[in-house]
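Below is one structure; the comments refer to it alone.
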Amino acid sequence: MFENVSTFEEAFNKLLKEVLEFNLENPFEDAKKVICIEPHPDDCAIGMGGTIKKLSDEGVEVIYICMTDGYMGTTDEKLSGHELALIRRREEEESAKLLGVRKIYWLNYRDTELPYSREVRKDLVKIIRKEKPDGVFAPDPWLPYESHPDHRRTGFLAIESVAFSQLPNFSNIDIDIGLKPHSVSFIALYYTHKPNYIVDITDLMELKLKAIRAHRSQFTDDIWETWEPFLRTVTMFYGEKIGARYGEGFRIMPGLFYHITPFADLI
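My numbering numbers the first residue of the sequence shown as 17 and each following residue consecutively.
This is the structure in structure tokens:
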């Protein structure tokens, strides 16, 4: 197939277009159902709230998987972690409804202590096999300087679970209870410094902020004074790349490129 190819660039483009049929013009076009995986309640709204609303308005079913319970997200010494976890669950349900999301899976691992383990992968694979999404969104685990282990681990666990969900011998108990292997069409990483696809959310920016602000335990008035301009700046960073006021960026690659591929970051 590559006999008449003389340069790496030609071979690379031929691989993407003709062999992998990879096209970034509208990667979500054929999606009917997607899963957005978040480390904590509020990450889906912060990372891609505008895109979630766009998808849900287009009839795409968006499902959340929240990895942790939000137990640690406070500096209030009078508020117990258990109380906060209950509050954050209610806040997430309110925020999700604003964006058109009706289903949330709660894995309830302890905030800041998400295990990087086979057991967590099995949790995710089970949901992927049950829901059979066309695509999965997750935080980019390669974001430079990311300090939170829950974020890094969520990204890696999500990618691994998408890869393993199609393997019948991974958690074959799933097969015994009728959950068949499932192959996900795309993975899109949010919270990324290397976006290769950006969604214009200019007309949805205020709703995105409203959905984020629904997490009142996280964004009190004094905190919001800093966070609102920060969030606007992040979305302006993405938007500027496509000539829009506000945007949300994603890193999307063919599934093959998540394994032993030295040129994966060139897309």
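Beta carbons: idealized from backbone N, C-alpha and C, even for Gly. Please read these numbers as outputs of a predicted model, since none were measured by experiment.
Fill in: Contact between the region 257-271 and the region 202-209 (3+ Cβ pairs under 8 Å)
Under the Cβ criterion (8 Å, minimum of three pairs), the region 257-271 counts as touching the region 202-209.
Worksheet entry | Outcome for S187 when other beta-carbon atoms lying within 10 angstroms are tallied against a minimum of 16 | Your numbering for residue 187 matches position 171 in the sequence shown. The residue is buried, with at least 16 neighbouring Cβ atoms inside 10 Å.
Worksheet item: What residue ranges within the region 198-225 form continuous beta strand (DSSP E) runs of no fewer than 3 residues, ordered along the chain?
Response: Counting only runs of 3 or more, we get 202-206, 213-216.
Fill in: 8 Å contact criterion, which G171 and L123 should meet: CB distance rounded
Counted from its first residue, the sequence shown places residue 171 at position 155. Counted from its first residue, the sequence shown places residue 123 at position 107. Between G171 and L123, the beta carbon gap of about 15 Å keeps them out of contact (Cβ cut-off 8 Å).
Practice prompt. Note the first and the last residue of the continuous beta strand (DSSP E) segment covering T84.
Written response: The residue given as residue 84 occupies position 68 in the sequence shown. Per DSSP, T84 belongs to the beta strand (DSSP E) from 77-84.
Item to complete: Output the boundary residues of the beta strand (DSSP E) element that contains E54.
Response: Here residue 54 refers to the residue found at position 38 of the sequence shown. E54 -> beta strand (DSSP E) spans 49-54.
Worksheet item: Which same chain residues, not among the five before or five after I68, have their C-beta less than 6 Å away from its C-beta?
Response: Locating residue 68 in the sequence shown gives position 52, counting from the first residue. Cβ neighbours of I68 beyond the five flanking positions: V78, L115.
Worksheet item: Between the beta-carbon of F38 and the beta-carbon of P270, is there less than 8 Å?
Response: Looking up residue 38 in the sequence shown gives position 22. Looking up residue 270 in the sequence shown gives position 254. The Cβ atoms of F38 and P270 lie closer than 8 Å to each other.
Item to complete: Give me the Cα-Cα distance between L225 and T84, rounded to the nearest whole angstrom.
Response: Stepping through the sequence shown from its first residue, residue 225 is reached at position 209. Stepping through the sequence shown from its first residue, residue 84 is reached at position 68. About 22 Å.
Worksheet entry | L31 to L183 span [Cα, whole Å] | Position 15 of the sequence shown, counting from 1, holds the residue named residue 31. Position 167 of the sequence shown, counting from 1, holds the residue named residue 183. Distance between the alpha carbons of L31 and L183 is about 24 Å.
Worksheet entry | Three-way DSSP call (helix, strand, coil) for G265 in this model | The sequence position of residue 265 within the sequence shown is 249, counting from 1. Secondary structure of G265 (DSSP, three-state): strand.
Fill in: 6 Å Cβ shell around K119 - same chain, five flanking residues per side excluded
For the purposes of this step, residue 119 is taken as residue 103 along the sequence shown, with counting starting at 1. Non-local beta-carbon contacts of K119 in its own chain, meaning distances under 6 Å to residues more than five positions away in sequence, involve I79 in chain order.
Discussion item. Please return the same chain residues whose Cβ sits closer than 7 Å to the Cβ of T7, not counting the five positions on each side in sequence.
Written reply: Shown here, the chain extends from 17 to 283; a query on residue 7 therefore has no answer.
Worksheet item: According to the neighbour-count rule (16 or more other Cβ atoms, all chains shown, within 10 Å of its Cβ), is H167 buried or exposed?
Response: One-based indexing of the sequence shown puts residue 167 at position 151. Taking a 10 Å sphere around the C-beta of H167, we find 16 or more other C-beta atoms and assign the residue as buried.
Discussion item. Can you confirm whether the region 223-238 touches the region 105-113 when touching is taken to mean that 3 or more C-beta pairs between the two stretches lie within less than 8 Å?
Written reply: The answer is yes - the region 223-238 touches the region 105-113, with three or more Cβ pairs under 8 Å.
Worksheet item: Which residues in the same chain have their Cβ closer than 7 Å to the Cβ of L223, if we skip the five residues on either side of it in sequence?
Response: In the sequence shown, counting from the first residue as 1, residue 223 sits at position 207. Scanning its chain for C-beta atoms nearer than 7 Å, with the 5 sequence neighbours on each side dropped, one finds around L223 the residues K69, L114, in chain order.
Discussion item. Judging by CA-CA distance, which residue of S163, K49, K138 is the nearest neighbour of E74?
Written reply: Taking the first residue of the sequence shown as position 1, residue 74 is located at position 58. For E74, the closest alpha carbon among the candidates S163, K49, K138 is that of K49.
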